[in-house]
Each structure stands twice: as C-alpha cells, then as structure tokens.
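Colleague: Residue numbers (this note's numbering): 1039 to 1239.
My structure is below; once you've seen it, I'll send some questions.
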Amino acid sequence: MKIKTALVGFALLGFVLSALSCGGKTANDDEVAVLETSYGRIVIEFLPKVAPKHTANFKALAQDGFFDGTKFHRIVLDKGGKPIAIQGGDPNTIAGDPATWGQGQPGQNTVPAEFSSMKHERGIVSMARKGNDINSGTSQFFIMTAAQPGFDGQYSIFGRVIEGMNVVDTIARAPVVQRAERPVDPVVLNRAYVVMRDEVK
C-alpha cells in the first residue's frame, strides 16, 4: 500500500512539473535574436509556441555564427513596386556570385512547414522557402515592412521585430538593380546572436 502511494505521489509530481514546463513561461520565451547590420541593430523576439522547429533552427544557426557576414540580398516588392519585405540569410551572399544569391547551398538542413493563423503584418519574421516545396525552409528569412495577406498560411512565421523597424525600413528603401529585387549595395548582417531579453541594452 505504501509503495502504491509513493508511486502515485511521484506520478503526480511528474505531471505537475510537466504541466509547469509546458504551460508556464520558460527561459526560451525570454530569448531574442540581435541582428547587427551595417545600417543598425534589429532585435527579434521568437514565437516558439507558434513555430517551435523554425525557432530552434534560427537560434542554432545564430549561435553557430552562420549568419555573420551574410547580406540582405532581396527587397521583396509588391505588384506596384512597393517594398513589402527584406530577405536575408543565404550563405551564398558572403562570397558567392550574386547570380546564386537566394538559391542557398546543397545539403542545408530543411525545416518542415509550421503554418499558423498569424498574419504577415509589418514587423513579422517568416521563413523563406522554395515555391514548390512548403517543407524547404533552411536559413533564409524575411522581415515584413507591410502587411501581405497573400503570404498568410504559405510561409512559417517564427518571430517579430521588437526593436529596429527603422533599420528594416531603411534597408527596404535601398535602390535595387534594374528589373530585379537585388539591392545595388546589399546591407551586411555583421553579426547575429541570441541573448536573454533583459540583456539587450
């Protein structure tokens, strides 16, 4: 009888701890990404409950220094030529031929789609992918400068800008190559790293 009671007690304790870790606020909820660009700093808060795999992927890449030296290689334009997003994260932009920018590199780990009910509004950070494969996200991401309902349910949202939208807007206004969305002088992402929110000064 005492053994059964003890087992029940341990089971209840495990259940409580599990509930606290799932429902309560965790350390991961307080982590943010800091992007130090040649135009200034952008701070992104993650949305791990919305896209846990994409959040983990971006954090791992940032912590490994993967993004350091990459460029924001694309200004995404709407049909009227107005900028709606900036895109970066391709390792080819560090030293590769501009013709390869946006193509990524063979062998990069892919992340399966994590579509949600969230909207692609100004400040949202979402994962780029191949047009014919919803599960082809790797390292490339884009930051919205304007709402684009056509992206909703098509790309995986995993973060949002909480500081530095003025920097994002400045990047989005950069002149682009004629008949292309590539900036004439792409902005460099000098360093990307993950810290606790209260460490951002």
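C-beta atoms are modelled at their ideal positions from N, C-alpha and C, and glycine is treated no differently.
So, using beta-carbon positions, are residue 1076 and residue 1228 closer together than 8 Å?
Modeller: yes
Colleague: Any contact between the segment 1216-1236 and the segment 1169-1180? By contact I mean 3 or more CB pairs, one from each, below 8 Å.
Modeller: no
Colleague: Report buried or exposed for residue 1127, applying the criterion of at least 16 other Cβ atoms within 10 angstroms of its Cβ.
Modeller: buried
Colleague: Could you give the distance in angstroms between the alpha-carbon of residue 1151 and the alpha-carbon of residue 1195?
Modeller: 10 Å
Colleague: Below 8 Å, can you find three or more Cβ-Cβ pairs linking the segment 1184-1200 to the segment 1157-1169?
Modeller: yes
Colleague: Check each candidate in 1131, 1134, 1113 and name the one with the smallest Cα separation from residue 1124.
Modeller: 1113
Colleague: Report the residue from 1096, 1159, 1209 whose alpha carbon sits nearest the alpha carbon of residue 1249.
Modeller: Nothing about residue 1249 can be reported from this structure: the residues present for the chain run from 1039 to 1239 only.
Colleague: Counting along the chain, where does the alpha helix (DSSP H) carrying residue 1101 start and finish?
Modeller: 1090-1101
Colleague: Mapping the DSSP letters down to three states, classify residue 1237 as helix, strand or coil.
Modeller: Collapsing the DSSP output to three states places residue 1237 in a helix.
Colleague: Restricting to Cα atoms, I'd like to know which of 1083, 1078, 1182, 1067 is closest to residue 1120.
Modeller: 1182
Colleague: Relative to the C-alpha of residue 1116, which candidate in 1129, 1208, 1200, 1186 has its C-alpha closest?
Modeller: 1186
Colleague: Taking C-alpha atoms, which residue in 1233, 1087, 1081 lies nearest to residue 1156?
Modeller: Measuring from the Cα of residue 1156, the nearest candidate turns out to be 1087.
Colleague: Whole angstroms is fine: what's the gap from residue 1223's alpha carbon to residue 1094's?
Modeller: In a straight line, the C-alpha of residue 1223 is about 31 Å away from that of residue 1094.
Colleague: Please give me, in chain order, every unbroken run of the beta strand (DSSP E) with length at least 3 that falls completely inside the segment 1111-1167.
Modeller: 1112-1115, 1121-1126, 1162-1165
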